[in-house]
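Numbering (mature numbering (1 follows the signal peptide of the UniProt record, and there is no 0)), first residue to last: -19 to -1, 1 to 749.
Note that CB positions come from ideal geometry on N, CA and C, so glycine has one too.
What you are looking at is a predicted structure, and each value in this text was computed from that prediction instead of being measured.
Since the structure comes first, as structure tokens, the remarks are kept for the end.
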């Protein structure tokens, strides 16, 4: 899903609201950790605490929005700053923080990865339940057909909130949440998807097989999800483009208790937040404790560095990359020149040539505009009478709506946005995006011809031999919250993905006036790559039902396809361990496992004390008095990140352990690939296993000279037994962080809100 200019302005307004420090009641989350033991009425406790905080004159029934009481303990309520402060001092409360809005971050993609239907069909696949926290689903969509499905597995404890919504044996659950009261015109108070986003992500992850699917003839093939036999449960938390934290946390509370196996979250904040204030980090931590892996999107703020938003080490953070197809719409000029443009153009002009005009030649002089203004094609800057019946050359998309309204024929888009057209977009009229060099050819033709003409040809599907490449919009590392953890973890297809859509979502272009209704749409974003990784995780879960979330994540990361570093200047900060390879992930040979105590030890090393630790774990976890803040190198993570302060020497030591999940008797030997700058050693470099489930430990030592202004140096360690290759990337870097990367105490809530407001005001239009 894409953000329009209007939506961007709304986001800016939301940012100002988030920065408000008024005394009016606003939504707050009161987090109390684990559920109490014994026969205790959690909801009654919440009412009592709220009554104490607000006094006897207020009605707690009106103020209490949610009780989180199924998987963890807490509630959401409308509170003033003073009331929130009083509750924060109450016994059992580990954190209180204001609600904030997060944003919503296939026929060919699975086959492109070598993961075709022949890999599927295991009986356990039908027992896997994927929970999608998103915009809901369109239940009548053919991808949710349940013909041949048995009833849901007995572990399923969920519900189908049937207001204008029907479940079946494929789409087994649907819930919706509107604690922040964010309904908008045209949206439906039910799990039914009116945006398209949730239907798109859920069908990518587990939609049924549908031969002969296309988008108006483009990208024709078999549409399917990663694990077509898996069950789907949807949790609708997003309205329009807003996803409230109070709703997200409640969706996690329900999904965990309902019995889902994998949670998919294609949304996130506008920048990374400390785990203690991040509803996705908190919810996914409790999911991890219950054996559920959370897959989430990296964000769409790339290619800026330090822009990845979902960075909790217990989740799988997914970047977006291309697949081996691209959509083109050629431009034919009246002089016979054919230029290649990028667009999902379904409008057929039948080869008819139309008058061609540059927007800068159609100036609304009476309103005081200049040719430079009109070249952007904004409606007020154009003399709209001059573009009727013509194809207009524009240097921005400002004129999409106004040119169509006056019966302009189409738009040739040139300018800086066309430098790297690595994804295609749909429009409400014929549009093609051409390179700046080709734009010069068009302008030369216009200037040399008295009556220039052109036509935009209907779209075609071409093969992209350069795939996979990480998309320009995909958020990059390094990890601003925990620099010792490499993020993103993995990359997956997220460009030009054809999948299910809601017919109520408006036209596929998402522009006003596009009245086409579709059941399938093409979209780009890390929202699309996330459910690809979710599908891969579900595939591994079906093969290994008892594997932990960390083991599943490790299998996906260590078996990934190696990305071409020549195509990516930011290397692992763009693609993590590489491109997902689901077919290999079910047989990784070795896994890097991790448990709750391992993550607790990591957080203690990262500067959390007992008090701040409990803000995340929600239990009685403690950091020993002897635990000094330090590096997070000992978390058993399937990648290595060494952050070096500017001017300091390269020096680090990482302790790891691997569990044998391959052959009982096997010997693995380590090989190292590293640049001359870095000296990497592994001790021991041979690991011998005599049984499945046996664990062996090793240490990786990294050394080198003092470095300065080194964005990233890339290395890798691979363990091989002759049939398995267990590859782990290693990065060394120094980078300026806007705050102390290890001093958690320095990051107070006010500074987070201020940074978020600034980020929102500067937020760029792009894909979600």
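Have a look at residue 333 and residue 438 and give me their C-alpha separation to the nearest angstrom.
-> 9 Å
For residue 660, which beta-bridge partners are listed by DSSP?
-> Residue 660 is bridged by DSSP to 684.
Under 8 Å between the Cβ atoms of residue 459 and residue 361?
-> no
Per DSSP, the bridge partner or partners of residue 634 | For residue 634, the pairing in a beta bridge is given by DSSP as 682.
Cβ of residue 380 within 8 Å of Cβ of residue 236?
-> no
Contact check, residue 11 vs residue 118, beta carbons under 8 Å = no
Counting Cβ pairs closer than 8 Å, one from the stretch 295 to 306 and one from the stretch 475 to 492, do we hit at least three?
-> yes
Endpoints, the alpha helix (DSSP H) within which residue 393 is located = No alpha helix (DSSP H) holds residue 393; the beta strand (DSSP E) holding it covers 391 to 394.
Run through DSSP, which three-state label would residue 181 get?
-> helix
Helix, strand or coil: how does DSSP classify residue 622 here?
-> strand
Got a sec? Which residues, its chain only, sit under 6 Å from residue 55 by beta carbon, not counting five neighbours each side?
-> 11, 12, 13 and 49, listed in sequence order.
Three-way DSSP call (helix, strand, coil) for residue 472 in this model = Residue 472: strand per DSSP, three-state reduction.
Apart from the five residues just before and just after residue 388, which ones in its own chain have a Cβ nearer than 8 Å to its Cβ?
-> 369 and 370
Taking residue 569 as the reference, give the member of 577, 537, 584 and 596 with the closest Cα.
-> 537
How is residue 261 classed by DSSP in three states: helix, strand or coil?
-> helix
In terms of residues, what are the limits of the beta strand (DSSP E) holding residue 224?
-> Taken as a continuous stretch (DSSP letters only), the beta strand (DSSP E) holding residue 224 covers 223 to 225.
Under 8 Å between the Cβ atoms of residue 284 and residue 461?
-> Against a cut-off of 8 Å, the Cβ pair of residue 461 and residue 284 comes out as no contact.
Below 8 Å, can you find three or more Cβ-Cβ pairs linking the stretch 255 to 266 to the stretch 531 to 551?
-> no
Give the DSSP-derived three-state secondary structure of residue 12 in the structure shown.
-> strand
Separation of residue 518 from residue 269, as counted between CA atoms | Take the alpha-carbon of residue 269 and the one of residue 518: they are about 14 Å apart.
For residue 561, does the count of other Cβ atoms within 10 angstroms reach 16, so buried, or fall short, so exposed?
-> buried
Rounded to a whole number of angstroms, what is the C-alpha to C-alpha distance between residue 255 and residue 70?
-> 21 Å
From what residue to what residue does the alpha helix (DSSP H) around residue 769 run?
-> One cannot answer for residue 769 here, as it falls past the ends of the chain, which runs -19 to 749.
Below 8 Å CB to CB, which residues in the same chain sit around residue 327 once its five sequence neighbours on both sides are set aside?
-> Within the same chain, 196, 197, 198, 199, 407, 439 and 440 come within 8 Å of residue 327 by CB-CB distance, once the 5 residues on both sides are set aside.
Separation of residue 318 from residue 267, as counted between CA atoms | Here the alpha carbon of residue 267 sits roughly 60 Å from the alpha carbon of residue 318.
Whose C-beta lies closer than 6 Å to the C-beta of residue 224 among residues of the same chain, with five residues either side of it excluded?
-> 83, 218 and 248
Using only alpha-carbon positions, find the residue among 451, 713 and 492 that is nearest to residue 466.
-> 713
When the distance is taken between beta carbons, is residue 646 closer than 8 Å to residue 750?
-> Because the chain spans -19 through 749 in this model, residue 750 falls outside it and cannot be assessed.
Do you know how far the Cα of residue 137 is from the Cα of residue 543?
-> 37 Å
Can you have a look at residue 404 and say buried or exposed, based on whether 16 or more other CB atoms are within 10 angstroms of its CB?
-> buried
Residue 335, enclosing beta strand (DSSP E) - first and last residue | 335 to 339 is the span of the beta strand (DSSP E), which, as asked, contains residue 335.
Could you give the distance in angstroms between the alpha-carbon of residue 522 and the alpha-carbon of residue 495?
-> In a straight line, the C-alpha of residue 522 is about 41 Å away from that of residue 495.
Give me whichever residues DSSP pairs with residue 212 in a beta bridge.
-> Looking at the DSSP assignment, residue 212 forms a beta bridge with 110.
Apply the 10 Å Cβ neighbour rule to residue 433 and answer buried if 16 or more other Cβ atoms are within range, or exposed otherwise.
-> buried
Paired residues, beta bridge with residue 297 - DSSP = 276
Straight-line gap, residue 629 to residue 716 (C-alpha atoms, nearest Å) | Taking the straight line from one Cα to the other gives about 12 Å.
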